[in-house]
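Chains as they are written, first to last, in the working numbering: chain H, 33 to 127; chain S, 42 to 457; chain W, 3 to 983; chain V, 2 to 187.
These notes concern the structure reproduced below.
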Amino acid sequence: MIINHPLLGPRDASEFTYLGDASLIDRPDWQAENVSEAFYEYGYLRDNPAGEHQELWYHEAGDRSWLVVTRNTLTHEISKVELARDVARARGRSK
Amino acid sequence: MRYSGFRVIKEALTGHKGWKPVWREPEPKAHYDIIVIGGGGHGLATAHYLSKVYGQRNVAVVEKGWIGGGNVGRNTTIVRSNYMLDGNEPFYEFSMKLWEGLEQDLNYNAMMSQRGIINLFHTDGQRDAYTRRGNAMILNGADAELLDADQVRKEHPYLNFDDARFPIKGGLVQRRAGTARHDAVAWGFARSADLHGVDIIQNCEVTGLRIENGKCLGVETTKGFIGANKVGCAVAGSSGRVMGMAGMRLPIESHVLQAFVSEGLKPVLPSVITFGAGHFYVSQSDKGGLVFGGDIDGYNTYAQRGNLPVVEDVCEGGVALMPMIGRARLLRMWGGVMDMSMDGSPIIDRTPVEGLYFNGGWCYGGFKATPASGHCFAHLLAKDEPHPVATAYRLDRFRTGRMIDEKGVGNQPNLH
Amino acid sequence: MTQTNRLNGGQIDRNTSLSFKFDGRSYTAHPGDTLASALLANDVRLIGRSFKYHRPRGLLTAGSEEPNGMVELRTGALKEPNTRATTIEMFDGLEAKSQNRWPSLKFDALAVNDMFSNFLSAGFYYKTFMWPAAFWEKLYEPMIRRAAGLGALSQEADPDEYDKGFRHCDLLIIGAGPAGLMAALTAGRAGVDVILADEDFTLGGRLNSETFALGDHSASDWAAQAVAELSSLPNVRLMPRTTVIGAFDHGIYGAVERTGDHLASVPAGKPRQILWRIYTQKALLCAGATERPIAFENNDRPGIMMASALRTYANRFAATASQRVAIFTNNDDGHRTAADLHAKGVTITAVVDVREDAPTCYDYEVLKGAQVIDTKGRHGLTFVEVALADGSTRTLESGALGVSGGWNPNVHMTCHQRGRPVWDDALAAFVPGENLPVGLSVAGAANGVMSTHGALQSGAEGAANALELTGVLPDLPEAEDAPVSQTPFWYVQGCKRAWVDQQNDVTVKDVKLSYQEGFRSVEHLKRYTTLGMATDQGKTSNITGLAIMAEVAGKSIPEVGTTIFRPPYTPVPIGTFAGRMKGQEFHPTRLTPSHYWAKERGAVFVEVGNWLRAQWFPLPGETHWRQSVDREVRQTRASVGVCDCTTLGKIDVQGTDAAEFLNRIYANGFAKLAVGKTRYGLMLREDGMVMDDGTAARMAEDHFVVTTTTANAVSVYRHMEFARQCLYPDMDVQLISTTEAWAQYAVAGPNSRKLLQKILDPEFDLSNDAFPFMACGNVTVCGGLRARLFRISFSGELAYEIAVPSRYGDALMRRLMAEGEEFDVTPYGTEALGVMRVEKGHAAGSELNGTTTALNLGLGKMVSKKKDSIGSVLSERKALVEPDVLRLVGIKPLQPEDKVTAGGHLMNSEGPVDAAHDQGYVTSAVYSPILNSNIGLGLVKNGAERLGETMRLVSPLTDLTVEVELVSAHFVDPEGERLRA
Amino acid sequence: MHDLVAITALGGTDPHVDTVGGVTCTEVPGVALASVAARMGQEDNTATSLAKLIDAPTPDIGRWAGTTISAFWAGPDQWMIEAPFDTHEALAEQVKTAMGDAASVTEQTDGWTRFDLNGDHIPAVLELLCQLDLRKLDPGSAARCSIHHIGCFVLCRTPESFSFYGPRSSAGSLHHALLTAMRSAL
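See the structure below:
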């Protein structure tokens with residue numbers, strides 16, 4: 033596969049390390065009242081869609097950027113690649 | 042129709058005119074006591090044990106394509122019970138015992154070949170881990186042997202002992218392990234289930250689960266609605282899709298595992314071999330092909346195909362371990378969609394939906410588990426309580442912290 | 003021996019003679035020959051034996067689709083089993099042997115299988131070999147296994163080298179026949195980067211096998227001219243002898259270039275083959291088509307070949323299988339072969355055409371509406387039995403029979419991403435369907451365009467469309483444009499032993515039996531009969547099998563289904579996929595800064611990940627590793643020892659939020675760590691298990707140096723980048739690895755301070771007050787070399803870690819040894835390191851096994867509840883905090899000399915020994931020369947509360963049972979006075 | 002001045018030099034390295050100071066620039082600074098002074114080993130080593146890639162001159178990979 037890195041352009045997927053569903057960005061608040069249930073779902077439950085999937089790739093043999101890749105799990109077609117940091121900020125994460 | 046020596050000779054002499062279809066092709070009834078979704082190894086095994094052991098005759102298996110076309114027809118055929126953890130080893134040893142009696146149980150030759158398996162180790166740390174595992178196997182009534190480097194060399198002189206980046210220090214052996222003819226396993230279970238009255242309905246895709254006030258009433262299919270008192274889901278890589286119809290999210294991701302076979306070669310490998318310093322395992326089929334594989338590709342996918350980097354990684358491990366295979370040719374590569382769970386161990390359990398049961402999360406260990414998985418799932422479906430060797434395979438173990446993590450890599454499915 | 007079946011003409015160099023051996027016998031050939039053409043020229047038709055029935059077999063084809071003509075090529079360690087004679091380029095001194103026969107090719111013992119064929123029908127073994135049960139493992143299965151396979155491996159290491167490479171282009175053209183050449187000319191002249199790959203050693207495809215003209219040139223001359231022009235274009239790369247094996251995601255194609263297979267031996271340093279990964283947005287498949295056979299009784303005898311193959315051998319290789327040839331066809335193409343062979347002086351005994359309206363010919367007899375019903379000839383064809391239209395029969399004395407059942411487009415590559423071909427009634431063949439690999443298009447015969455003119459045109463158009471070229475297409479030469487004229491005809495009615503898959507011995511009867519037993523889908527048919535599973539992947543058999551199944555099922559062929567193809571297009575040596583990553587080069591090797599010095603000292607090294615680390619340093623007279631290790635431990639604890647710990651991961655953490663960042667990463671607190679201080683850090687995975695441990699030294703308000711274990715250096719760095727970018731994107735933190743930049747040595751033992759003071763520059767005070775336990779700072783050594791000093795201890799002794807730039811590491815180690823002489827300093831390796839950390843009760847790799855929590859390791863109190871840190875929430879789950887969870891303890895045998903085995907399990911002193919009563923296991927075991935006893939660390943249920951208890955340590959695997967006492971894990975200096983001294 | 006003698010990454014006191022088919026592979030220990038990473042919100046200041054330091058425009062993504070002191074792009078708002086070792090052994094301090102609080106600076110000198118390839122037909126060697134699209138690798142490019150499983154930087158100085166940076170501890174393996182490819186391709 034080839035991932036079109038937002039900064040570096042097309043790079044072979046073998047330069048990257050895969051983590052999983054981009055929902056891993058949405059780490060629950062450690063002080064939420066249902067915190068244990070929230071962390072259980074965050075840590076263990078996945079949509080695992082047959083179709084478009086937002087997922088985290090790390091450019092290990094490259095510039096060390098974490099990327100959010102939108103990829104179809106049936107065809108492997110990649111429709112979008114973003115810097116995970118931008119996505120995290122857009123989802124309201126800060127410090 | 043029962044297979045016997047007499048039968049085989051008679052048919053041979055009369056032009057094989059008497060052989061009947063191995064299973065019927067029935068139309069679905071309106072209602073069954075139990076419906077098993079998925080005509081793969083586990084689904085068909087479940088039907089066999091439901092009908093033969095647990096006396097359930099009003100059972101159907103619904104399969105979206107042709108039976109045995111999924112992972113049971115596209116794996117590396119390895120059968121073993123060399124696990125370490127309490128939750129796993131009793132189950133897999135139970136499976137091993139079922140394998141050992143399978144031909145007679147099914148009156149069908151699945152060609153189980155107990156040629157043994159050796160897991161090679163290359164560091165003292167690996168040796169200690171294998172020692173712990175081997176002891177756990179013996180304490181659970183299985184067989185295990187620890188070989189040192191010289192003993193390994195005696196049994197496998199063609200391995201790379203002299204020019205190895207990671208020298209072989211020994212191996213953990215299970216003699217009773219081996220391989221089986223994977224397709225025949227599916228056909229054998231199907232044939233037996235069919236003989237015991239189970240309807241095997243092919244080309245019948247489940248499109249929905251009919252659930253009313255928390256109870257599952259049956260399945261919507263491409264052949265219409267089929268009612269059932271109980272519905273069991275055994276669809277491996279499609280687990281997310283099917284259980285999604287019940288609005289459930291699972292501790293499972295679907296990943297592709299590639300497998301490879303070489304051209305047919307005169308016998309060279311006496312047993313199954315796994316490389317402890319690279320991603321490679323191999324055995325030789327009864328037709329002579331080297332059947333081998335390695336890591337999953339590592340990204341979520343439902344496509345039954347992988348990519349080159351893993352092909353190369355597997356072959357690098359292969360040549361590093363046994364340099365003689367450099368000139369053997371890779372004939373075919375294919376992929377199977379694995380239901381990778383969050384701790385690398387399976388789930389056989391009820392679900393929050395009454396009448397809906399789940400069997401999945403087999404990662405790439407599903408084939409060896411086929412008989413026990415079917416037996417235990419049948420037990421659960423028939424008696425509504427887990428089989429004694431499968432009590433740990435609960436759906437809620439991640440919430441309570443009772444993970445069964447053989448590899449110790451945690452909640453990242455692609456590392457298991 | 004003379005080449006009795008050598009014809010005139012052809013593309014061989016008759017001025018040069020090459021000699022080769024087949025089954026020990028010598029023959030001659032010419033450059034341009036394949037082994038197959040040379041064997042035919044020398045009147046050798048019998049080449050091998052089939053897989054199951056050991057039937058005599060010869061050549062069926064002239065290409066890579068060959069199912070029968072396979073040999074063991076070369077000798078010794080270079081032996082290559084199952085090599086297609088049709089693709090072996092002749093070289094001088096070539097040696098080949100027939101395979102799957104014993105004792106000889108002509109007299110093969112297992113040919114008896116053929117007589118028992120009734121018992122060996124499809125799927126027979128599933129129904130039998132079950133009585134008595136015990137016989138399966140002991141007798142039947144070993145018997146079946148012995149019969150397995152065709153060729154044999156040498157069982158020696160492959161001496162050849164293989165390379166892997168990467169190429170990029172705008173258009174990859176797969177196949178250099180008329181379509182491919184025309185496409186390349188079109189794209190090449192337009193100036194785009196083109197790669198043209200073809201599996202053959204001469205580009206041109208069928209053009210080299212035909213006699214018709216292109217414009218005013220012969221087909222092969224036109225091809226040669228096109229190739230000449232292409233090779234003159236700088237933007238075109240021609241890759242002959244290169245098979246494109248697969249289309250992978252996003253425009254990555256695998257291709258295998260055979261750079262050395264046509265040579266007697268591969269030059270030193272050069273590869274035998276190269277695996278190319280070709281990156282391209284656009285690819286054009288011009289793979290042509292494969293002629294398909296017709297199944298009839300005994301259609302597998304040597305001499306029965308594809309008609310187009312006979313034509314190729316005659317026209318390109320100037321060879322014929324016999325001087326008397328018959329043709330059996332259902333289409334006009336078969337007649338071409340007859341005409342070409344006739345023109346070369348070969349006798350055409352007759353053309354048997356199933357069509358009543360077959361074309362007439364006056365040069366030889368055409369039997370219209372006739373069919374071949376049987377053949378004779380044990381080791382080679384002698385007679386052909388023909389049923390004529392009027393029902394009478396004729397016998398044709400022929401040494402060869404050319405069969406043409408029509409042509410199948412080579413659609414393989416279009417299926418590699420699950421695309422399925424579609425049925426074309428006009429062609430009676432599958433053509434490319436939907437879901438082609440993105441960027442791939444198809445031209446020429448591969449796309450069902452069967453005439454030469456059509457191929458040229460679709461090639462030109464294919465390239466233009468793929469690249470969106472504007473402007474006029476290049477002129478096409480005049481070429482034949484004959485329409486396809488055939489009557490679909492798959493097998494002769496009433497035949498029984500008529501082969502569909504010749505290599506796997508699948509007959510028409512087997513396909514029918516498969517249907518009878520309910521194996522009716524393509525997938526079931528393949529698996530039950532093994533149709534198409536042989537080394538040719540069914541290139542000549544799948545469609546025929548489907549057609550027969552369709553007929554018995556009363557369905558159309560597309561209704562029965564389609565077979566899809568998987569990579570590789572043709573089999574590829576496993577060594578080619580491995581490339582250079584083998585032997586010592588399997589993984590990169592990482593050397594520590596003191597490696598060369600340690601080697602001089604005669605150190606024994608051990609692989610730790612990719613690192614080589616000194617395991618121990620034997621002295622003269624030490625014959626057993628334990629002597630060296632015990633001494634290293636004693637010397638260190640008694641005085642001072644030095645150990646290279648460079649391999650520990652080092653991560654530079656800077657930024658105004660660095661402290662808060664570490665606070666989140668580590669389970670214990672870091673916000674309040676003072677500058678100039680170091681703290682032990684415990685890192686959890688989000689699931690609450692211990693991920694890694696190490697130290698963090700605060701060099702400045704906004705600067706920390708973090709260490710990780712050797713094993714986890716990479717994953718911890720990745721984890722920290724994840725937290726930085728994905729969880730805390732606005733934190734001001736910068737990370738970079740400095741693992742390799744610093745040579746870091748542990749200097750441990752009561753005299754470590756004295757030793758270090760000698761190399762430290764005078765202005766630095768090492769006294770306990772000035773530089774207490776856990777202090778850190780920048781210093782200079784040996785007269786001004788910048789260095790970092792940490793007062794941390796893994797051994798439990800007074801100890802420091804000193805770091806200098808790696809290039810000076812070698813010199814610093816030598817200096818420490820020299821200055822340490824007065825203290826009897828010793829270097830120590832990983833074994834002594836391990837002994838001392840177990841004596842001290844420090845958890846390490848075997849305790850941090852990914853399934854242990856802080857609580858398990860006795861570090862529960864470190865997990866701060868007053869802050870948010872990764873893993874703290876899930877570490878609280880019910881089952882992880884129950885009273886009887888595993889706890890880290892020390893293990894001491896009641897008899898000091900009793901062995902403690904890591905991996906042994908712990909049982910209560912009384913009661914049964916089985917899994918149900920398992921109390922825990924031993925994680926680490928060493929001999930402590932300080933306690934003069936074997937000792938260990940273990941994880942035991944509720945262990946913390948059970949100190950003093952006696953248990954049984956059992957290891958049935960190594961046949962050991964020992965009585966042990968559970969003790970504190972801190973065997974040495976539990977109060978930690980030494981390291982604070 | 003301290004009295005410790007340095008060795009090269011390949012373990013010699015003098016750099017290794019090999020020539021195959023007109024291409025020379027030279028071990029280059031005489032280079033000092035320091036990494037620069039902009040602090041949060043200080044990206045522009047960092048770029049400005051960096052340009053001043055290398056006396057050239059701050060290198061863009063995938064590029065290098067500079068003269069005596071040069072810099073190549075290593076990641077988002079991160080660069081690696083190169084300078085002659087003899088004159089700049091304390092490069093990290095000098096860079097830190099130039100950057101002030103705008104950026105984090107880390108000494109990287111001995112984190113890496115460098116090999117320079119000089120001669121014709123280097124692309125034929127490169128295509129056996131890394132995935133980079135050589136058509137885009139012009140003078141001024143600096144790309145990160147993996148060579149035989151070793152993470153490296155490849156800098157194109159001129160069409161006949163390339164620099165390879167790999168982890169110091171893997172110098173032997175990287176050197177072996179380069180020479181094998183040279184013998185194979187040239």
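The beta-carbon is built from N, C-alpha and C at its ideal position, and this holds for glycine as well.
Along the stretch 46-58 of chain S, going in chain order, the ones with a CB nearer than 9 Å to a CB of chain W are 46, 48, 49, 50, 52, 53, 54, 56, 57, 58. Setting aside the 5 residues that flank it on each side, residue 63 of chain V is surrounded in the same chain by 74, 142, 143, 144, each with a C-beta closer than 7 Å to its C-beta; the list follows chain order. Residue 163 of chain V sits away from residue 153 of chain V, with the two beta carbons spaced by 8 Å or more. With contacts defined as CB atoms closer than 8 Å, residue 391 of chain W and residue 371 of chain W qualify as a contacting pair. Rounded to the nearest whole angstrom, the CA to CA distance from residue 222 of chain W to residue 243 of chain W is 18 Å.
Taking a C-beta distance under 8 Å as the contact criterion, residue 74 of chain H and residue 60 of chain H qualify as a contact pair. Collapsing the DSSP output to three states places residue 304 of chain S in a strand.
Here the alpha carbons of residue 796 of chain W and residue 844 of chain W stand approximately 7 Å from one another. Look at residue 602 of chain W here: in three-state DSSP terms it is helix. Residue 403 of chain W has W/306, W/328 as its beta-bridge partners, per DSSP. Below 8 Å, too few C-beta pairs join the stretch 230-238 of chain S and the stretch 328-341 of chain S to call them touching: fewer than three. Every unbroken stretch of the alpha helix (DSSP H) spanning 4 or more residues and falling wholly within the stretch 58-133 of chain W is given here in chain order: 114-117, 126-129. Your pair residue 281 of chain W and residue 39 of chain W does not check out as a contact, with CB atoms roughly 36 Å apart and the cut at 8 Å. For residue 132 of chain V, the chain W residues whose C-beta falls within less than 7 Å of its own C-beta are 168, listed in chain order.
Positions of the beta strand (DSSP E) runs, each at least 3 residues long and wholly inside the stretch 849-933 of chain W, are given as 888-895, 907-910, 922-930 in order along the chain.
Counting the other CB atoms within 10 Å of its CB gives residue 2 of chain V a total below 16, which places it among the exposed residues.
Separation of residue 309 of chain S and residue 329 of chain S (C-alpha to C-alpha, rounded to the nearest whole angstrom) is 9 Å.
Assignment of beta-bridge partners to residue 152 of chain V by DSSP yields V/147. The alpha carbon of residue 330 of chain W has as its nearest neighbour, out of W/324, W/320, W/297, the alpha carbon of W/297. Around the Cβ of residue 558 of chain W, a 10 Å sphere holds fewer than 16 other Cβ atoms; the residue is exposed.
The beta carbons of residue 110 of chain V and residue 807 of chain W sit closer together than 8 Å. Between the C-alpha atoms of residue 779 of chain W and residue 792 of chain W there is a straight-line separation of about 7 Å.
The beta carbon of residue 424 of chain S sits closer than 8 Å to the beta carbons of 95 from its chain, once the five residues preceding and following it are set aside; these are given in chain order. DSSP places residue 355 of chain W in the uninterrupted beta strand (DSSP E) bounded by 349-355. About 7 Å separates the beta carbon of residue 941 of chain W from that of residue 854 of chain W, a gap short enough to meet the 8 Å contact definition.
Comparing alpha carbon positions, the residue from W/236, W/183, W/872, W/151 closest to residue 288 of chain W is W/183. Using a Cβ-Cβ cut-off of 8 Å, residue 147 of chain V counts as an interface residue toward chain H, since at least one Cβ of chain H sits closer than that to its own. In the three-state DSSP reduction, residue 243 of chain S falls in the coil class, being neither helix nor strand.
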